[in-house]
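**Student:** What follows is a single structure, and I will ask about it in a moment.
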Amino acid sequence: MMITPEPAYWPYLYALAAILGLCFGSFLNVVAHRFLTDQPITFPASHCPACKRPLAWFENIPLASWLALRGRCRTCGASIGWEHPLTELATAGLFVGVLLFAGLSWQALLLLFLVCNLVVITLTDLKESLIFQVNSLSLIPAGLAYHALNFWNPAASRTLVLGAAIPDGLISALIAIAAAFVFFEGLILLSQKCLGAEGFGHGDTHLMMGVGAFLGWPMMALALGLGFILQSALAIPALLIQWIQRRDYVSLSAGALGVVFGLLPIWLVRLPLAGGWRSALAMASLLLCLVCLLLFLRQMKCSESLTYMPLGPALVLGTLIALFAGPWLVDLYLKHWL
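So my numbering is basically just the index in the sequence shown, starting at one, shifted up by 505.
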């Protein structure tokens with residue numbers, strides 16, 4: 506059920522969502538730090554990490570305190586990282602985005618739960634390459650509840666399953682959860698058997714299972730593809746420079762071929778081929794892309810001089826793009842590529 510306020514109230518609701526987002530962003534910073542340091546969330550009180558002095562109430566105002574103090578502790582002058590105001594601003598933007606996307610509804614509350622956990626996952630994965638199960642696996646029941654609310658929505662499309670009319674969104678979510686598990690755990694098992702190292706972490710599996718519970722399988726696949734593209738755009742240039750300097754032609758070849766095979770299905774739809782041949786070539790191309798990706802990851806993890814870049818933040822960004830702009834991207838692709 507969605508509440509529809511008068512149009513004149515929406516600017517105030519957006520402002521309220523932004524303020525709440527700033528406050529939650531400040532809290533999520535604390536949550537991520539306490540998870541990584543194995544401390545209770547509520548104790549001790551917020552304090553300067555350098556001199557340990559408890560912060561006064563006026564030093565805890567989201568964004569405003571950081572700006573007023575110019576990013577430094579009032580007592581010892583220690584620097585307060587940029588991640589604090591950036592997280593608060595990002596969370597505020599996400600809260601406003603959820604309100605625009607879902608309005609005042611129960612679904613909006615569950616989407617807020619999703620974005621808050623995604624923020625914490627991004628922080629912990631960037632800092633220590635860790636994704637905590639409390640943030641990832643908790644998204645699965647929340648996502649299923651998000652779609653289960655459509656049981657009371659007469660306009661929701663449904664499919665008969667064993668005589669019961671199940672919302673299509675719920676069925677799609679269950680498929681996405683299973684697909685994410687099979688995809689990532691299959692890659693982990695394949696990389697262990699063939700290359701002797703894990704190509705991905707289990708945290709990525711849990712994250713995408715939770716994302717699939719919210720987005721369903723088509724949008725989850727889009728989020729996954731966007732995540733890999735974003736990760737490649739960030740990681741590959743830095744890695745290529747190092748590999749060129751070290752003359753590591755195996756890694757260069759694997760990375761280049763992986764990109765070519767990964768992008769090939771986008772162009773195949775424009776070739777004058779029968780549908781069956783086009784699908785077969787697309788599947789073969791994606792399979793070759795996965796082989797190159799495994800070799801690419803193997804080379805990266807075996808090179809001690811290379812910095813490992815966690816995949817979680819890229820998957821989170823891909824998820825947010827798919828959530829808020831997924832249908833528009835799909836429509837754009839159908840109009841300009843098919």
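Glycine included, C-beta positions come from ideal geometry on N, C-alpha and C.
What is the C-beta distance between residue 627 and residue 530, in whole angstroms, given that I count them as a contact (C-beta under 8 Å)?
**Tutor:** By 1-based counting over the sequence shown, the position of residue 627 is 122. By 1-based counting over the sequence shown, the position of residue 530 is 25. Not a contact, Cβ separation roughly 12 Å.
**Student:** Start and end of the beta strand (DSSP E) containing residue 665?
**Tutor:** Numbered from 1 along the sequence shown, position 160 holds the residue referred to as residue 665. Counting along the chain, the beta strand (DSSP E) containing residue 665 begins and ends at 663 to 666.
**Student:** In angstroms with no decimal places, state the Cα-to-Cα distance between residue 538 and residue 634.
**Tutor:** In the sequence shown, counting from the first residue as 1, residue 538 sits at position 33. In the sequence shown, counting from the first residue as 1, residue 634 sits at position 129. Approximately 13 Å, taken between the alpha carbons.
**Student:** Look up residue 577 in the DSSP assignment and say whether it is helix, strand or coil.
**Tutor:** Along the sequence shown, one-based indexing puts residue 577 at 72. Correct three-state label for residue 577: strand.
**Student:** How about residue 606: is its Cβ closer than 7 Å to a heavy atom in the ligand FMN?
**Tutor:** Absent from the structure shown: the ligand FMN. Ligands present: none.
**Student:** Would you say residue 731 lies against chain B (beta-carbon separation less than 8 Å)?
**Tutor:** Annotation note: the requested chain B is absent from the structure, which comprises a single protein chain.
**Student:** What is the DSSP secondary structure of residue 512, reduced to helix, strand or coil?
**Tutor:** Indexing the sequence shown from 1 puts residue 512 at position 7. Three-state DSSP puts residue 512 in a helix.
**Student:** Let me know the secondary structure DSSP gives residue 568 once reduced to three states.
**Tutor:** As a working mapping, residue 568 is identified with position 63 in the sequence shown. DSSP places residue 568 in coil when its eight states are reduced to three.
**Student:** What residue from 792, 816, 797 and 683 has the CA that sits closest to residue 731's CA?
**Tutor:** Locating residue 731 in the sequence shown gives position 226, counting from the first residue. Measuring from the Cα of residue 731, the nearest candidate turns out to be 816.
**Student:** Using the rule of at least 16 other Cβ atoms within 10 Å of the residue's Cβ for burial, across every protein chain shown, is residue 694 buried or exposed?
**Tutor:** Here residue 694 refers to the residue found at position 189 of the sequence shown. It counts as exposed.
**Student:** Got a sec? Which residues, its chain only, sit under 6 Å from residue 623 by beta carbon, not counting five neighbours each side?
**Tutor:** The residue given as residue 623 occupies position 118 in the sequence shown. Excluding residues within five positions, the ones whose Cβ falls inside 6 Å are 821.
**Student:** Could you tell me the alpha carbon to alpha carbon distance between residue 617 and residue 600, rounded to whole angstroms?
**Tutor:** On the sequence shown, residue 617 is found 112 positions in, with the first residue counted as 1. On the sequence shown, residue 600 is found 95 positions in, with the first residue counted as 1. If you take the alpha carbons of residue 617 and residue 600, they lie about 7 Å apart.
**Student:** Just checking my contact of residue 697 with residue 651 at CB under 8 Å: how many whole Å lie between their CB atoms?
**Tutor:** Within the sequence shown, numbered from 1, the residue matching residue 697 stands at position 192. Within the sequence shown, numbered from 1, the residue matching residue 651 stands at position 146. At roughly 34 Å, the Cβ-Cβ gap does not stay under 8 Å, so residue 697 and residue 651 are not in contact.
**Student:** Terminal residues of the continuous beta strand (DSSP E) containing residue 672?
**Tutor:** To locate residue 672, count along the sequence shown from 1; it is residue 167. Run containing residue 672: 669 to 672, per the beta strand (DSSP E) assignment.
**Student:** So for residue 545, helix, strand or coil by DSSP?
**Tutor:** In the sequence shown, residue 545 corresponds to position 40, counting from 1. DSSP places residue 545 in coil when its eight states are reduced to three.
**Student:** Can you list, in chain order, the residues of its chain whose CB lies under 7 Å from that of residue 571, leaving out five sequence neighbours each side?
**Tutor:** The residue you call residue 571 lines up with position 66 of the sequence shown. Excluding sequence neighbours, residue 571 sits near 585, 589 and 590.
**Student:** Check residue 584 in the structure and name its three-state DSSP category.
**Tutor:** Locating residue 584 in the sequence shown gives position 79, where the first residue counts as 1. In this structure, residue 584 counts as strand in the three-state DSSP scheme.
**Student:** Please tell me whether residue 675 and residue 647 are closer than 8 Å, where the distance is taken between their beta carbons.
**Tutor:** Taking the first residue of the sequence shown as position 1, residue 675 is located at position 170. Taking the first residue of the sequence shown as position 1, residue 647 is located at position 142. Against a cut-off of 8 Å, the Cβ pair of residue 647 and residue 675 comes out as no contact.
**Student:** Quick test of your reading: residue 706 and residue 681, contact by CB under 8 Å. State the CB separation rounded to the nearest angstrom.
**Tutor:** As a first step, residue 706 must be located in the sequence shown, where it is residue number 201. As a first step, residue 681 must be located in the sequence shown, where it is residue number 176. Wrong, their Cβ atoms sit about 19 Å apart, outside the cutoff.
**Student:** Mapping the DSSP letters down to three states, classify residue 659 as helix, strand or coil.
**Tutor:** Mapped onto the sequence shown, residue 659 falls at position 154. Residue 659 falls in the coil class under three-state DSSP.
**Student:** Report the rounded CA-to-CA distance for residue 809 versus residue 749, giving the unit in angstroms.
**Tutor:** Sequence index remark: in the sequence shown, residue 809 carries index 304 (1-based). Sequence index remark: in the sequence shown, residue 749 carries index 244 (1-based). Unreliable positioning characterises residue 809 in this predicted model, as indicated by a pLDDT of 48, which lies under 50. The coordinate reading is nonetheless provided below. Cα to Cα, the separation comes out at about 16 Å.
**Student:** Helix, strand or coil for residue 811 per DSSP?
**Tutor:** Translated into positions along the sequence shown, residue 811 becomes position 306. Residue placement at residue 811 is poorly supported in this model, since its pLDDT is 44, which falls under 50; the coordinates still yield a value, given next. Correct three-state label for residue 811: coil.
**Student:** Hey, out of 689, 659 and 645, whose CA is closest to residue 677's CA?
**Tutor:** Taking the sequence shown and counting its residues from 1, the one referred to as residue 677 is at position 172. For residue 677, the nearest C-alpha among the options comes from 645.
**Student:** Between the Cα of residue 655 and the Cα atoms of 638, 642, 673 and 639, which residue gives the shortest distance?
**Tutor:** Taking the first residue of the sequence shown as 1, we reach residue 655 at position 150. Checking every option, the nearest Cα to that of residue 655 belongs to 673.
**Student:** Taking the alpha-carbon positions, what's the residue 725 to residue 543 distance?
**Tutor:** Indexing the sequence shown from 1 puts residue 725 at position 220. Indexing the sequence shown from 1 puts residue 543 at position 38. Between residue 725 and residue 543, the C-alpha separation is close to 31 Å.
**Student:** Am I right that residue 551 and residue 535 are in contact with their C-beta atoms under 8 Å? What's the rounded C-beta distance?
**Tutor:** What you label residue 551 is simply residue 46 of the sequence shown in a count that begins at 1. What you label residue 535 is simply residue 30 of the sequence shown in a count that begins at 1. Correct: roughly 7 Å between the Cβ atoms.
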